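My numbering puts the first residue of the sequence shown at 37, with every later residue one more than the last.
Right, one structure below, let's go through it.
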Amino acid sequence: MNTMQKVNKKEHIVTAALDKLGEQTPIKGKWKVYVSGDADGLLQLNYNKKNYPFAVVLKETLRHDHIATFIKKPKATEPLLVITANIPAGVKKALQEKQINYLEANGNAFIRNGDLLIFIDGKNPAEIEKATANRAFMKTGLKAVFHLLNHPQAVNDNYRKLAADTNIALGNIKYIMDGLREAGFIFDIDKKNIRLKNIAGLLERWLVGYREILRPTLLLGTYTWNKVNNPQHDWKKLDMKKAGCLWGGEPAADILTNYLRPERFQLYTPQHKMQAMRALQILPDAKGEVDLYQQFWLEQHYKDFLDCVPPLLVYTDLLLTDDPRCAEAAQLIYDQYLKAHVEAYQ
């Protein structure tokens, strides 16, 4: 899939955003796709017979770690404008503090260019028409994507082995691999060998899919520590083998980097939730600080990370908190465990 095709798949966000902006203001927009360059396109806003150009970056979702990328981008002739479906409140505040222009699909906007100032907030998240589903990025496909991101060489395994290693029905594997090929993440070396490419792009697709599609189906419940025993302060002493659990997110980041002190505790288990509840002394509480998820990968294919889930999932959990301190820890995890891996498959 070439760059133009990738951008076209996100253009429905631009259309929705400009429609909403036009409903709330007398401003009109003219959109033009870039064939090359760092920006995805050029947007010209017209107000009071005057044109205001912007170099646009399109994102399906926006996270704290994207902000550093925007700041590092080479300065374009036109001011940067980020257009996305919805922006979490914490990320939105950070964009405003860094004076980074944004426009959401619901018409919320923070835009500055010369004498043009637009600030709209408080609109409900927009319902965006989804592009045709790709099986690689649906619930089952995302489990295979996780496996391939961790084991890129497995892309050459036969379908039966892939099915066994991911616990996915054999009949689904072909559709998933076809989906990855269609999305431009599989490269043919020769008639017998293929290779993953653009793992950085595949990682982005994984992050979006995990947040929106897979993770909601994995949540077994939200809990709080039993305040009688109050093990929160000594959580590292808990017997995770007995509990049948692995640490994810914030506690895993603390173990792997010694940088982040967890405020929320993410746990993954292949067992029934009652085993974890008894072993960890956690009680059901919708407002609690402990999130228990169903494990979706086969542990024998991953080395031991000190009672933690694979670093890719730690990184994912951290980024999806939309918390700046977690974004910093996620960068440490990326640099230590993922960066070399990603850069090897451009």
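Beta carbons: idealized from backbone N, C-alpha and C, even for Gly.
Everything numeric in this text was worked out from a predicted model, so none of it was measured.
Query raised in the report: Which one of T258, V181, K179 has the shortest CA to CA distance from K309?
Result: T258
Query - Continuous beta strand (DSSP E) stretch holding N203: start and end - result: Where N203 is concerned, there is no enclosing beta strand (DSSP E), given that its DSSP letter is neither H nor E.
Query - Alpha-carbon spacing of L256 relative to R300, whole angstroms - result: 15 Å
Query raised in the report: Once you ignore the five residues that flank I123 on each side, which residues in its own chain have a CB closer than 8 Å to its CB?
Result: L98, L131, Y138, E140, N144
Query - Environment of A104 [buried if 16+ CB atoms lie within 10 Å] - result: exposed
Report task. Starting from the Cα of G220, find the closest Cα among A172, Q331, T120, L356 and give me that residue. Result -> A172
Query raised in the report: How should A199 be labelled, buried or exposed, when 16 other C-beta atoms within 10 angstroms of its C-beta is the threshold for buried?
Result: buried
Query raised in the report: Looking at M276 and D214, is the spacing between their C-beta atoms short of 8 Å?
Result: no
Requested in this report: Could you tell me the distance, in whole angstroms, from the CA atom of N208 to the CA atom of V181?
Outcome: 13 Å
Requested in this report: Identify the continuous alpha helix (DSSP H) that holds V92 and give its terminal residues.
Outcome: Element bounds for V92: not the alpha helix (DSSP H) but the beta strand (DSSP E), 86-95.
Query raised in the report: Near D224, which residues of its chain fall below 7 Å by C-beta distance, leaving aside the five closest residues on each side in sequence?
Result: I230
Query - Identity of the residue in T253, R241, A121 nearest K175 by Cα - result: T253
Query raised in the report: What is the rounded straight-line gap between the Cα of Y83 and the Cα of K64?
Result: 7 Å
Query - Where R297 falls: helix, strand or coil (DSSP) - result: coil
Query - Buried versus exposed call for A312 [16 or more other C-beta atoms within 10 Å across all chains shown] - result: buried
**Report entry** Span separating the alpha-carbon of E240 from that of P360
**Finding:** 18 Å
**Report entry** Contacting residues, own chain, Cβ-Cβ under 7 Å from A75 (five flanking each side not counted)
**Finding:** A91, V92, V93, A112
Requested in this report: State buried or exposed for K179, treating a residue as buried only when at least 16 other CB atoms are found within 10 Å of its CB.
Outcome: buried
Query raised in the report: Can you name, in chain order, every residue of its own chain whose Cβ lies under 7 Å from the Cβ of Q60, other than the five neighbours on each side?
Result: G143, I156
**Report entry** Span separating the alpha-carbon of Q189 from that of G58
**Finding:** 48 Å
Query raised in the report: With 16 other CB atoms within 10 Å as the buried threshold, where does A279 fall?
Result: buried
Report task. For P306, collect the residues of the same chain with a Cβ closer than 6 Å to its Cβ; drop the 5 residues on either side in sequence, then sort them by chain order. Result -> Q331
**Report entry** Residue from T120, K128, P115, K108 whose Cα sits closest to the Cα of P150
**Finding:** Sequence check: residue 150 is Gly here, not Pro. With distances taken between Cα atoms, G150 lies closest to P115.
Query raised in the report: Excluding the five sequence neighbours on either side, which residues of its own chain have a C-beta within less than 7 Å of the C-beta of L319, listed in chain order?
Result: Y259, T260, N262
Query raised in the report: Under a three-way DSSP split, which group does A167 fall into?
Result: A caution first: A167 carries a pLDDT of 49, below 50, which makes its placement in the model unreliable, though a value can still be read off. Coil, per DSSP.
**Report entry** Buried/exposed call for L153, threshold 16 Cβ in 10 Å
**Finding:** exposed
Query raised in the report: Going straight from the alpha carbon of H187 to that of T202, what length do you get?
Result: 11 Å
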